[in-house]
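One structure is given here, and the rest of the page talks about it.
2 protein chains.
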Amino acid sequence: MAGSKLDPIDRHILAELQADGRMTNVELAKRVGISAPPCLRRVRTLEESGYIKGYHADVDARELGFEVQVFAMVRLQSQAEADLSAFEARCRAWPLVRECHMLNGEIDFILKCVAPDLSTFQSFLTAELTAADNVASVKTSLVIRCAKDEPGLPFDVLEARLSKSA
Amino acid sequence: MAGSKLDPIDRHILAELQADGRMTNVELAKRVGISAPPCLRRVRTLEESGYIKGYHADVDARELGFEVQVFAMVRLQSQAEADLSAFEARCRAWPLVRECHMLNGEIDFILKCVAPDLSTFQSFLTAELTAADNVASVKTSLVIRCAKDEPGLPFDVLEARLSKSA
DNA sequence: GATGTGGCGAAATAATATTGCGTCTGAGGC
DNA sequence: GCCTCAGACGCAATATTATTTCGCCACATC
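Residue numbers (the UniProt record's numbering), protein chains in the order written: chain D, 1 to 166; chain R, 1 to 166.
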């Protein structure tokens, strides 16, 4: 099973750094119950082995002037691999598109977009997204409000699972 | 306009910390072109005023055993505020639900969910989500692959906008 | 029971964060 | 035009943290 190369201390470290990525190493060591040097070694190992992909400040979108958040459900005309890849590459190049997931079912892609205001998004939608090659249809839904936006993963679910299989 | 209380250096700090939240203050100061003490003062101010909501390690979901990611489109029977809030509260309590956004249009909510495997998600879907009070219908779409998942905001868009209005 | 591997922690050192303070610049009042 | 003051800067000093070094112990292998 994936993740089983990690011991409980490693998972504890990941959970703590997921919750507060700027915690000092001494504080982290205290919380997971080991001393600072081995704790730092574990963190470095987790970083190098890819368990930790990076650290990011969580910046308030509204405060910064990004008032609008939109989900766009995209259907393509062709689902040939070359066409899927081409669309993904286009998404990566659009700064307003923050996430692009390929889905099963009738919708091919779901995009999470941000914009400073509605007109900026509308311009993007009509001039770029809908107009792009191979795009059959785009259905957009404005985010009215956000009830939950937890970064990362539920470590409690993971722990429960591992204790069962043990 | 929102964000205009920030000068270019502040925005530069936000952009850098969004890209690498664990950058040392001396490195950050070097990049934004001021000395360390005022740089740290600015970071603290940005944290206290809520521009920076927190810092998080980005943990690899697959490596940790979360193989499955799903978007769930939920419609409710009643859209009265009390019923909306009740559903949101339930979402906050479900660990597999990482994001819950209220949308305009025919879909009331979109949920981003993770799970260790498909059967775990199916159990959650049938026993919890679909079975919850006031839920009229749930349409789920499995994420086949993720082409883009950028944390945070496009600062280049913001800078372009501000330079135009100047 | 010898031996090697891996992880731990104490101590020392290097780097970083943080505080205190003197200086400069720009806005507003006289 | 000049004075004053608030805000922000940078230097230098100090406190805290990160990082390296090294010896010790537990466990698995033979």
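We put the CB at the ideal spot given by N, CA and C, even for glycine. It should be emphasised that the depicted structure is a prediction, and the values quoted were computed from it without experimental measurement.
Residue environment: residue 154 of chain D is assigned as buried (16 or more neighbouring CB atoms within 10 Å of its CB, all protein chains considered). Nearest CB-CB separation between residue 154 of chain D and chain R: below the 7 angstroms threshold. Here the alpha carbon of residue 60 of chain R sits roughly 6 angstroms from the alpha carbon of residue 53 of chain D.
Interface residue (Cβ-Cβ distance to chain D less than 7 angstroms): residue 54 of chain R is classified as such. Counting C-beta pairs with one atom in each stretch, the stretch 97-114 of chain R and the stretch 33-50 of chain R have fewer than three that are closer than 8 angstroms, which means they do not touch.
In the DSSP assignment, no residue is bridged to residue 147 of chain D. For the 7 angstroms CB-CB criterion, residue 8 of chain R and residue 65 of chain R do not form a contact. Under the criterion of beta carbons closer than 8 angstroms, residue 22 of chain R and residue 51 of chain D do not qualify as touching, at roughly 15 angstroms. Of the residues assessed, residue 137 of chain D falls on the exposed side of the cut-off, its CB having fewer than 16 other CB atoms within 10 angstroms. Contact between residue 148 of chain D and residue 91 of chain R holds, since their C-beta atoms are separated by about 5 angstroms, short of 8 angstroms. Counting C-beta atoms within 10 angstroms of its own C-beta, residue 79 of chain D has fewer than 16 neighbours from the protein chains shown and is therefore classed as exposed. For residue 42 of chain D, no Cβ of chain R is located within less than 7 angstroms of the residue's own Cβ. Minimum Cα-Cα distance from residue 152 of chain R among the listed residues D:126, D:63, D:88 corresponds to D:63. Looking at the DSSP output, residue 91 of chain R sits in no beta bridge, so it has no partner there. In the same chain as residue 102 of chain D, and ignoring 5 residues on each side of it, the C-beta atoms closer than 8 angstroms to its own belong to 84, 88, 108, 109, in chain order. Close to residue 122 of chain R, with beta-carbon spacing below 9 angstroms, lies no residue of chain D; the smallest spacing is near 14 angstroms. Between the C-alpha atoms of residue 41 of chain D and residue 11 of chain D there is a straight-line separation of about 14 angstroms.
Residue 141 of chain R reaches chain D at 103, 104, 105, 107, 110, counting residues in chain order whose Cβ is nearer than 8 angstroms. If you check the CB distance, residue 69 of chain D and residue 157 of chain D do not come in under 7 angstroms. Residue contact with chain R for residue 148 of chain D: present (Cβ-Cβ distance below 7 angstroms to some residue of chain R). Taking 3 residues as the minimum length, the beta strand (DSSP E) runs contained wholly in the stretch 73-129 of chain D are 97-103, 109-115, in order along the chain. Taking 3 residues as the shortest admissible run, the UniProt domain "HTH asnC-type" (6-67) of chain R contains the following complete beta strand (DSSP E) segments, listed from N- to C-terminal end: 52-59.
Just measuring C-alpha positions, the residue of D:71, D:99, D:13 sitting nearest residue 44 of chain D is D:13.
The beta carbon of residue 118 of chain D sits closer than 7 angstroms to the beta carbons of 68 from its chain, once the five residues preceding and following it are set aside; these are given in chain order.
A Cβ-Cβ separation of about 51 angstroms leaves residue 26 of chain R out of contact with residue 76 of chain R under the 8 angstroms criterion. Beta-carbon to beta-carbon, residue 93 of chain D and residue 18 of chain R are separated by about 19 angstroms, too far to satisfy the 8 angstroms threshold. Interface annotation, residue 63 of chain D: in contact with chain R, CB-CB separation under 7 angstroms.
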